[in-house]
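Enquirer:
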Amino acid sequence: MSVYAIADLHLSFGADKPMDIFFGWDDYVQRLEKNWKKLVGEGDTIIIPGDISWGINYSEAIPDLQWIDRLPGRKILLKGNHDLWWDTMSKNKRQKEEHSLNSIDFLFNNAFEVENIAVCGTRSWFFDAEKSADKKVLLREVGRLQRSIDVAKLSGKEPVVFLHYPPLSLLEECKEILDCLVQNGIQRCYYGHMHGKAAQSAFEGEKYGIHFKLIAADRLEFCPYLIEK
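The numbering used here numbers the first residue of the sequence shown as 185 and each following residue consecutively.
1) Helix, strand or coil for Glu357 per DSSP?
2) For the alpha helix (DSSP H) that Glu271 lies in, which residues bound it at each end?
3) Report the partner residues of His395 according to the DSSP bridge assignment.
4) By DSSP, does Gly227 sit in helix, in strand, or in coil?
5) Let me check understanding here. Comparing Cα to Cα, which of Asp228, Leu352 and Val303 lies closest to Tyr392?
6) Examine the Cβ distances between the region 304 to 314 and the region 254 to 267 and report whether three or more of them are shorter than 8 Å.
7) Identify which residue in Glu342, Ala386, Glu356 and Leu354 has its Cα closest to the Cα of Asp369.
8) Give me the residue from Val344, Cys373, Gln214 and Glu412 with the minimum Cα distance to Pro350.
9) Report yes or no: do the region 399 to 409 and the region 328 to 340 share at least 3 C-beta pairs separated by less than 8 Å?
10) Please say whether Pro247 and Phe197 have beta carbons closer to each other than 8 Å?
11) Compute the beta-carbon to beta-carbon distance between Val224 and Pro256, rounded to the nearest angstrom, for a pair I have assumed lies under 8 Å.
12) What residue range is occupied by the uninterrupted alpha helix (DSSP H) comprising Tyr188?
13) Please go through the same chain and pick out, in chain order, the residues whose beta-carbon is closer than 7 Å to the beta-carbon of Pro359, but skip the five residues on each side of it.
14) In chain order, what residues of the same chain lie with their CB nearer than 7 Å to the CB of Leu362, ignoring the 5 residues before and after it?
15) Taking the continuous beta strand (DSSP E) assigned at Lys259, which residues delimit it?
16) DSSP three-state label for Gly380, please.
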């Protein structure tokens with residue numbers, strides 16, 4: 185079975201936030217569904233690292249999660265900066281059960297064994313977290329990343345990290361996140377968040393012994409990216 189990933193779906197079935205007003209996002213839901221069904225089988229897994237739904241609460245987000253749930257494969261979801269609907273893990277699990285979102289799991293302070301890898305990660309935070317409040321959030325995210333990696337390592341499989349915010353670009357680096365990746369011997373890191381002109385400064389390739397890849401939906405032309413076959 186295969187493992188895929190795609191970030192930044194920005195679905196809005198339950199909220200009035202159309203994305204097709206942006207260049208390149210025309211008919212994106214139909215394009216994503218077509219590509220997904222073409223590639224992903226029922227036995228496959230797809231990781232979605234953040235900015236999943238524009239819903240500001242579960243009432244608005246449920247139609248988006250139900251749409252995802254109906255698609256083939258197991259889905260592992262990670263929080264993004266726009267996922268205001270995301271709640272505590274206990275509440276997320278309760279919503280999952282109440283709405284029979286049987287193919288969806290939530291990645292938060294945990295990890296999942298999928299084929300030959302262990303999926304781990306966190307939302308992360310901005311490059312330039314210099315204000316005390318931002319620094320506090322960043323350090324909390326580093327702690328969550330470390331806990332997720334620790335759980336992944338228990339499996340004996342390669343920990344593959346998924347982040348929402350990029351840990352680096354051609355212009356900047358988030359030292360705290362990168363240090364965590366390097367110190368834990370991470371070899372692969374996938375991230376989202378960067379769109380349009382901002383994506384032109386995305387770093388993709390190898391640095392510090394880690395292969396980095398931007399997997400934002402528009403960057404991938406709304407086609408899930410193969411992680412492991």
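Using N, Cα and C, we set each Cβ at its ideal position, and we do this for glycine too.
Expert: Taking the structure as given:
1) To locate residue 357, count along the sequence shown from 1; it is residue 173. In the structure shown, the three-state DSSP call for Glu357 is strand.
2) The sequence position of residue 271 within the sequence shown is 87, counting from 1. Inspection of the sequence shows that residue 271 is occupied by Asp rather than by Glu. That residue, Asp271, is in no alpha helix (DSSP H); it is neither H nor E in DSSP.
3) Along the sequence shown, one-based indexing puts residue 395 at 211. Partner(s): Arg372 and Glu390.
4) Numbered from 1 along the sequence shown, position 43 holds the residue referred to as residue 227. In this structure, Gly227 counts as coil in the three-state DSSP scheme.
5) By one-based count along the sequence shown, residue 392 stands at place 208. Ranking the options by Cα distance to Tyr392, first place goes to Leu352.
6) Verdict: yes, contact present.
7) Residue numbering aside, residue 369 sits at position 185 when the sequence shown is read from its first letter. Here residue 369 turns out to be Gly, not Asp, going by the sequence shown. Selected option, being the one with the closest Cα: Glu342.
8) Here residue 350 refers to the residue found at position 166 when the sequence shown is read from its first residue. Nearest option by C-alpha distance: Cys373.
9) Segments in contact, no.
10) Here the question's residue 197 lines up with position 13 in the sequence shown. Here the question's residue 247 lines up with position 63 in the sequence shown. Judged by beta-carbon spacing, Pro247 lies within the 8 Å limit of Phe197, meaning their Cβ atoms are closer than that value.
11) Walking along the sequence shown from the start, residue 224 turns up at place 40. Walking along the sequence shown from the start, residue 256 turns up at place 72. The Cβ separation is near 5 Å, so the contact holds.
12) Position 4 of the sequence shown, counted from the first residue, corresponds to residue 188. Here Tyr188 belongs to no alpha helix (DSSP H); instead the beta strand (DSSP E) covers Val187 to Ala189.
13) Counting from one through the sequence shown, the residue named residue 359 turns up at place 175. In the sequence as displayed, the identity of residue 359 is Lys instead of Pro. Excluding residues within five positions, none has a Cβ falling inside 7 Å.
14) As a working note, residue 362 is residue 178 in the sequence shown. Excluding positions up to five away in sequence, the list reads Pro351, Leu352 and Tyr392.
15) The residue labelled residue 259 in the question sits at position 75 within the sequence shown. From DSSP, the beta strand (DSSP E) with Lys259 extends over Arg258 to Leu262.
16) The residue given as residue 380 occupies position 196 in the sequence shown. DSSP places Gly380 in helix when its eight states are reduced to three.
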